[in-house]
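First up is the structure itself, then whatever we jot down about it.
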Amino acid sequence: MLKYALLLLVFWAVGLFPQRAEKAELKGFYKEITKKQQPSYYPMEFPYVNEGEEVVSHTGFSLVYSEDHEQAKWVAYKLTEERTVSVIKRSDKFVPDPKVLTGSAENGDYRRSGYDKGHLAPAADMGYSTITMKECFYLSNMSPQNPSFNRGIWKKLEEQIREWAVIYKSLLIVTGPVLKEGLKTIGKNKVSVPEYFYKVILDTSMREMKGLGFLIPNKGSKQSVTNYIVSIDSVEWITGLDFFPSLPDTLEEKIEGMIEISKWKLEERTGIKRKKEKK
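Sequence positions in the sequence shown follow our numbering and run 12 to 290.
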């Protein structure tokens with residue numbers, strides 16, 4: 012009950028839930044988390060991989076695909092200062108993911124739907140090589156996003172995280188949709204349209220690790236990205252995912268329970284230059 016009350020407070024504080032939200036609506040999002048130890052062969056950025064889940068690994072990111080929702084449950088990757096400098100121009104060639112054995116969503120699912128093919132791992136984070144740019148346009152790395160969300164607040168958050176990668180040199184990032192039963196779907200493959208998206212980030216470069224979570228509704232917003240900051244614990248309770256399970260339990264509890272935005276430099280001007288692709 013304590014976690015339930017705290018979660019309700021989180022939604023109220025960041026304005027994610029409608030003013031007249033019923034408890035039944037909240038229960039549709041709340042998921043109990045049982046902490047488990049992640050096998051050591053998984054990278055630190057991976058959420059806990061459940062039995063039966065298949066990790067799809069690409070050069071720049073990895074994911075677990077939800078066949079029920081025809082999109083990734085989560086996409087995880089490491090972003091370093093060096094990788095924020097794009098040397099390859101954006102490809103814009105969206106194709107099904109050949110590594111998703113059950114078949115990923117298709118371009119036709121999005122056609123005339125009114126939704127963008129919204130990147131989870133952004134193209135601007137994957138411009139450091141030809142292969143990473145190509146793979147980030149796999150449809151397994153896309154979710155249906157409201158255009159005003161994708162091109163607005165979501166883009167601003169992506170830009171802020173890139174600036175943090177320059178400042179702190181290296182970040183571990185997990186991002187994805189909040190998936191649940193009863194979501195609207197599009198296309199013949201019935202791709203679920205998420206109501207919310209999340210990002211969690213972990214800075215491992217400093218003597219004292221720090222983390223941060225974000226939960227944003229799939230709609231346009233003129234608010235600052237800081238209005239959508241929540242603890243990583245809050246994102247876990249809503250998604251049912253266990254983030255950074257490779258960390259020692261005491262450290263994981265400390266980092267995931269904190270909301271200390273004062274430890275993160277905001278709106279820095281890094282002067283990142285985008286290089287043109289070499290022919």
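Every residue gets a Cβ at the ideal spot worked out from N, C-alpha and C, and that includes glycine.
| Asked | Found |
| --- | --- |
| So, are the CB atoms of Leu168 and Phe105 less than 8 Å apart? | no |
| So, helix, strand or coil for Gly71, using DSSP? | coil |
| Quick one: using the 10 Å Cβ neighbour count with 16 as the cut-off for buried, is Pro50 buried or exposed? | The predicted position of Pro50 is uncertain, since its pLDDT is 49 and thus under 50; a value taken from the coordinates is nonetheless stated next. Counting Cβ neighbours within 10 Å, Pro50 comes out exposed, since fewer than 16 surround it. |
| Between the segment 237–254 and the segment 262–274, can you find at least three pairs of beta-carbon atoms closer than 8 Å? | yes |
| Among residues of its own chain, excluding the 5 on either side of Gly119, which ones have a beta-carbon nearer than 8 Å to its beta-carbon? | Gly198 and Lys199 |
| Excluding the 5 residues preceding and the 5 following Glu81 in the sequence, name in chain order all residues of the same chain whose CB lies nearer than 6 Å to its CB. | Ala116, Asn200 and Val202 |
| With contact counted as at least three CB pairs below 8 Å, one residue from each stretch, are the segment 82–98 and the segment 169–184 in contact? | yes |
| Count the other C-beta atoms from every protein chain shown that fall within 10 angstroms of the C-beta of Leu112, then say buried if there are 16 or more, exposed otherwise. | exposed |
| Just to confirm the assignment, what range does the beta strand (DSSP E) spanning Ser245 have? | Run containing Ser245: none in the beta strand (DSSP E); it sits in the alpha helix (DSSP H), Ile243 to Thr250. |
| So, for Phe160: in the same chain, excluding its five sequence neighbours on each side, which residues have a beta-carbon less than 7 Å away from its beta-carbon? | Asn229, Lys230 and Gly231 |
| If we call anything under 8 Å between Cβ atoms a contact, is Ala87 one with Ile184? | yes |
| May I have a chain-ordered list of the beta strand (DSSP E) segments no shorter than 3 residues that lie completely inside the segment 121–209? | 127–130, 153–156 and 181–188 |
| Taking 8 Å as the cut-off, decide whether the C-beta atoms of Ile99 and Met144 are in contact. | yes |
| Which of helix, strand or coil does DSSP assign to Thr91? | strand |
| Where does Ile99 sit, in a helix, a strand or coil, going by DSSP? | coil |
| From which residue to which residue does the beta strand (DSSP E) around Lys274 run? | No beta strand (DSSP E) holds Lys274; DSSP gives it neither H nor E. |
| Relative to the alpha-carbon of Trp85, which residue among Thr250, Glu247, Thr186 and Leu194 has its alpha-carbon at the smallest distance? | Thr186 |
| Given a cut-off of 8 Å, decide if Ile212 and Ile172 are closer than it, judged by their beta-carbon atoms. | yes |
| Looking at the unbroken beta strand (DSSP E) that takes in Gly224, where does it start and where does it end? | Lys221 to Pro228 |
| Using DSSP's beta-bridge definition, name the partner residues of Val86. | Leu74 and Thr186 |
| How about Val60 and Val67: are their beta carbons less than 8 Å apart? | no |
| Taking only three categories from DSSP, how would you classify Asp260? | helix |
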